[in-house]
Structure formats: structure tokens, C-alpha cells
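Protein chains in written order, with this note's numbering: chain A, 34 to 316; chain B, 1326 to 1706.
Here is the structure:
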């Protein structure tokens, strides 16, 4: 009897933690999202489902934009992160850990500071655009700051390690002899990569995409520091509904809409990729 | 065989067909690695020719250069100097995907994300073989290794022995000019390994493809090979059929590495016809066949199973030494004796426990050791 209950007792702290810091707030938020009222007169629970309709109706543009920015940033992270991970895994030699540390080093600095640094880098006459303009490669009125490009770049930069690390973890475990076997079986270098290394590393890409897409879609720091009026993301809307307009039910309703969309997206993605099949590779 | 026709050439069994250029030719192949400031030689100059349809083994201890040699044939390593030829064509510098050899890896190196059938079809698909033919040949290859019906399985769900067969089928299906096997049975347990040795030999006879087999296991090499190259420290010490390697080791290393050998240090004194007389310090002399001149120091080698042990004086003409029985180890089919000679040297003797072996020697007995002079050889020291 004792042996049977021990495992449950051991996970109990974790369950309590989840209950207090996840389940209770989520339920609270769900309840708030169905309230009506205002901050002066107070909010009352009226099960006002129309909050959701209003949230979608008023902010669908920002929601779509957030998902689009998230997708672009994720794609950028894959494009930059995969080669970096592959290089460290296959060519890193005994300095692998050093390279990984270098990759993470900027993240010991606060995200706000790092994002503000990007404002200097991307400023109209900053270190990047200034020289390009003075040699005539860019027109004088060219700007990056306040554009979607700036926001997506910032998002990709701040989430790159979350892409590199899972891909690296998988690539690092790819047996080099499997690549040799492919080469031995008449595959060129490119074919060996496309047919063997890439499919074997998909679980890492899968994990990386989730770890980048979800937080970038819900991000608000990059859009508020690097973006302008035309690049407002849903995270910024939620923030202002909460802290500026104090319209808690609306903020909560938007949050749930975003969460529902992301969850649906994740499940669709997992199904399309065939998680089970992909996960088998690791066994 | 009863009637003989005089038309056309006699058909050659695959293992002796030696027409055309050698399947694999290595000419003055050297491979050195740079390790820090030092240059380490893995292969110090190898010349050999593997015949078409032959089961050829590279045998040696770990670090002898056998795997490096095989990897140079496959194209994973390039020789520092020398030439690698496949069917007469110089392939030095040609990448592995454009060499007509396939390899069975020690760890199998199967593609974990592909089914058994896709693993086996991999090479054919790279060569753009038509779909129907791919399906047919994959089926045949899996039949050959007795894995029919496992097409859709993933390698991770197979036993070690089955994975090994998939690796074999994946290479054989391409009908390469030569198949390279890098200690393919190393990860299997003894029973399975012995079964696979016979199996490999059968498959090789059936497909008639040249096999180059790398192993450190001498019994494996002796069981399967048509010829063996015994390697040590980057050179081939001896190359020949198993019986020759075993019966007439060319060097102290080969004698020690293959089977159990008795090595007795002595000095050549005089020649007696085609035999020479070798004097041992304080325990007498024997006659051996040797080309060593008188005065040279030699090791006389004789296999334990060639030595007769008994209390009675041996017949004239036999080489003989006297000693005391030290250890007696009964092994069922045979008994192993360790006999200590007067000068302290030890001679190991294997004796079959056949029905007439009644007067067995016991520990402490004074015995005669004897063997026919042509069963022993003198190796230069």
C-alpha cells in the first residue's frame, strides 16, 4: 500500500505548485473575462460571453499581426539557428561548451537593455543605417525603426537561443557513422544532409519552433521599444487594456482568445508533424 | 564430373575466379595523422590485392591499422601516399558516394527514422533505380538475410542480430564490387556470432561478391576467410590462407596472435640436410626446417596440439624434450598441459581425450614431449 502511494506523494508538491500558480489564476482570469462593469463602479460576474466577440471584433488585426510576426521571427530563428546549431554540434570540437556559453552570454543582460541597444543599432542615422546612407546604398529617408522589420528582427534576436539549444541537443546526438553510411550508399553531401541529418534533427526543430513561436506571438517588449503605431501586437493591447484602460474583462478575454489560437496551432502542428513518429528517432 | 567436355573454359567457383584486375588493390598505402606536434602513422605502407569473389580478412589487434585501411578503401579517409584501386581503377581521391564498394558498420549505423525497407532501398534510390526494381531487389535482399516480413519495422524495434542483417542487406542490395565489413559481429553474443559466421559465409557464396572483413577475432578470421592479412603496427605481417597462417606463422607476432604457440629460444648450430639443428640452453636440441644460418638466434615454434606427451621414450626421428608436468586443465573434449622444461621454459600441450587416452599424465610426472620436425619452425629473433 505504502509503495503505491509514495509516487503520488512525491509529485504532490508539483501539483500544489501548479494548482496555486497556474490553475487558480487561469480560473480567475476566465471568471474575469466574463464580467462587466468598470474600474470605478467595480466589476460584476454576468457571464457576458459577448466580451469575446468584442475582443475578436476589435483586435483581430493585432491578433493576426502577432501571429504573423511570431511566424516570421520563428522562420528567421530556424534559418539562423539551424546552421549555428549544426556548426557547433559538428565542428565545435572540444570548444562546444564555450560556443554555447557565448551564444547565451548576451542573455545575462536584461531584455529591456538588450532591446534598447537595438534602437541604437537600427536608428535612422545609427551604426547600421548611417554608413549605408552616406555611401549611397540606402536613400536618405530610409528607416527601419518602427517598422515590422525592426520588430521581427528584435523578436528573432531575443529568442534565438531557444531555437539553437534544442536543435543542437538533437544534432549533437546524431551518430556520425550514420552520415558516413549515407555517403557510402551513394548520397552526396547534400543528400546525406537532406535525407538523414535533417529528418533526424526534426524533433529539435519541432521543439525550437514551439519555444520560439509561442513567446514571440505573445511578446510586447519588442513591439513597444522597436515598433511604432502600425506594429502594435496583441501583447501590447493586453498590456494597455490592463494597465492603461483598466478594462480587465476585455484584457482577459483577449488573453484567452490568444491562448486558444496558440493551443489549436500547437496541436495542429504536432499532428501534422506526427510527434510519435518523430519522437521515435530519439529512442 | 563423370564425362568431360572440351568446349569452353571450365567454370570457376567464385572463390577462385581470378580473371581481370584485382577487386581491390592497395599500392604503397601510407596513412599518417597529425596529433598536435607529432605525426602518428596508422598505416605504414601496405601492398595487397584482394581477388574477385574472395573472402578476405584484415586481422589484427586494435590500433594495428586495419580499420583505417578499410576506411581508405571505402573513401572515408584518403591515404597520405599510395594508391587505392577498385577493379583496376585508381579511386584515390574519389569520394565514397562514387566508389563501387559498400560498408557494413560495426555499430550498423542504420537510419533510425526509416523503415527496414527504406533503409535497404536507400542506395538504390540514390542511384535512381526504377521503383519496381527497387521493390523487387529490396525484397530479395531481405529474403537473403532471412528478414522477410519485417519491411515496415523501424530499426529501433529490432534485435541486435536483426539490425545486423538489415545492415548487411542494405549494403548487399547494391551489388557492390566489394563489400567491406568492419567487425560486424562484434556486438553480438557468442552463440549468435557463431551462427552469423556460417551465415555470412553462405551469403558470400550465394552472391559471389568480394568480402573484405575486418576483425580482431582470430577464430572468426580462420573460420570464414579464403585469405587473411595479419596486420600489426600499420603493416601486413603475413598474408595467406588460414591454414598457412596458422600452421606456418611467418613472425613471432603472428605465431603469438593466432592461436596458442609455444616459442622456445635457441641458437642454430649446424645444418642437417634441409633441416637445421637448434640448440637450447641446457635442455638439448631439436631439428627444424629453417633458412636461418648457423649462429643465429631463433625462436622455435610448435603448436600445442602438435606436441605429443607421454612417459615412454619417443620414436627415433621425432624432436624431443624432457620436462615436468605443471598444470593440468581438463576441458572435456581435450586436456591442456603445461610442461616445465629444465631451463624453466614452459610448453603448452593440448591432447584430445579420445578413447585410447588412458595413460594420462599427472601433475609432477616426468614426461617426454615430442613432435615431428616438420611441425615446428624457427622464426628469427
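We put the beta carbon where it would ideally sit given N, CA and C, even for glycine.
Three or more Cβ pairs drawn from the stretch 1434–1446 of chain B and the stretch 1475–1486 of chain B lie within less than 8 angstroms of each other, which places the two stretches in contact. Shown here for residue 1619/B: same chain residues with a beta carbon closer than 8 angstroms to its own, the five before and five after excluded, namely 1593, 1594, 1595, 1596 and 1601 in chain order.
Contact check for residue 193/A against residue 106/A fails: the beta carbons are separated by 7 angstroms or more.
Look at residue 1538/B here: in three-state DSSP terms it is strand. Annotation: Cβ neighbours of residue 233/A in chain B (cutoff 9 angstroms, chain order): 1436, 1437 and 1438. Note on residue 1527/B: under 16 other CB atoms within 10 angstroms of its CB, so exposed under the neighbour-count rule. Residues 1427, 1428, 1429 and 1504 of the same chain have their beta carbon placed closer than 7 angstroms to that of residue 1496/B, with the five preceding and five following residues left out of the count.
The beta carbon of residue 224/A lies closer than 8 angstroms to those of 215 in the same chain, with the five residues before and after it left out.
Taking a contact to require three or more Cβ pairs closer than 8 angstroms, the stretch 1346–1353 of chain B and the stretch 1375–1392 of chain B qualify as touching. Straight through space, the alpha carbons of residue 141/A and residue 46/A are spaced by roughly 30 angstroms. Rounded to whole angstroms, residue 63/A and residue 94/A show a C-alpha spacing of 23 angstroms.
For residue 1448/B, the neighbours in chain A by C-beta distance under 7 angstroms run, in chain order, 218 and 219. In the DSSP assignment, residue 1395/B forms no beta bridge with any residue.
Following the DSSP letters along the chain, one finds residue 1439/B in no alpha helix (DSSP H), marked with neither H nor E. Rounded to whole angstroms, the separation of the alpha carbons of residue 100/A and residue 260/A is 16 angstroms.
Under DSSP, residue 1691/B forms a beta bridge with 1649/B. Remark: C-beta atoms of residue 1445/B and residue 1368/B do not approach each other more closely than 7 angstroms. Rounded to whole angstroms, the separation of the alpha carbons of residue 1363/B and residue 1580/B is 32 angstroms.
The Cβ atoms of residue 1627/B and residue 1696/B sit closer than 7 angstroms to each other. For secondary structure counted as the alpha helix (DSSP H) over 4 or more consecutive residues, the stretch 137–217 of chain A holds these complete runs in sequence order: 144–155, 162–167, 181–204 and 209–217. By the CB criterion at 7 angstroms, residue 112/A and residue 197/A fall outside the cutoff. Taken in chain order, the members of the stretch 193–224 of chain A whose beta-carbon sits within less than 8 angstroms of a beta-carbon on chain B are 208, 210, 211, 213, 214, 215, 216, 217, 218, 219, 220, 221 and 224. Under the Cβ criterion of 7 angstroms, residue 238/A is not counted among the residues facing chain B.
For residue 1397/B, the nearest beta carbon of chain A is not closer than 7 angstroms to its own beta carbon.
Residue 1557/B has 1560/B as its beta-bridge partners, per DSSP.
About 20 angstroms separates the CB atoms of residue 1649/B and residue 1591/B; that is not less than 8 angstroms, and the two are not in contact. Per DSSP, residue 1668/B lies in no alpha helix (DSSP H) segment and is marked neither H nor E.
Pairwise C-beta distances place the stretch 286–299 of chain A in contact with the stretch 240–260 of chain A, as three or more of them are shorter than 8 angstroms.
A check of alpha carbon separations from residue 302/A across 277/A, 265/A, 236/A and 273/A identifies 236/A as the nearest. Below the 7 angstroms Cβ cutoff, chain B contributes 1436 as neighbours of residue 229/A, in chain order.
Within the same chain, Cβ atoms closer than 8 angstroms to the Cβ of residue 258/A are found at 145, 148, 149, 151, 152 and 187, the five residues on either side in sequence being excluded. Taking 8 angstroms as the upper bound for CB-CB distance, residue 238/A and residue 212/A are not in contact here, some 18 angstroms apart. Going by C-alpha positions, residue 40/A is about 55 angstroms away from residue 1536/B. The criterion of a C-beta distance shorter than 7 angstroms is satisfied by residue 218/A and residue 1448/B. Boundaries of the alpha helix (DSSP H) around residue 249/A: 231–250.
For residue 71/A, the enclosing beta strand (DSSP E) starts and ends at 68–71.
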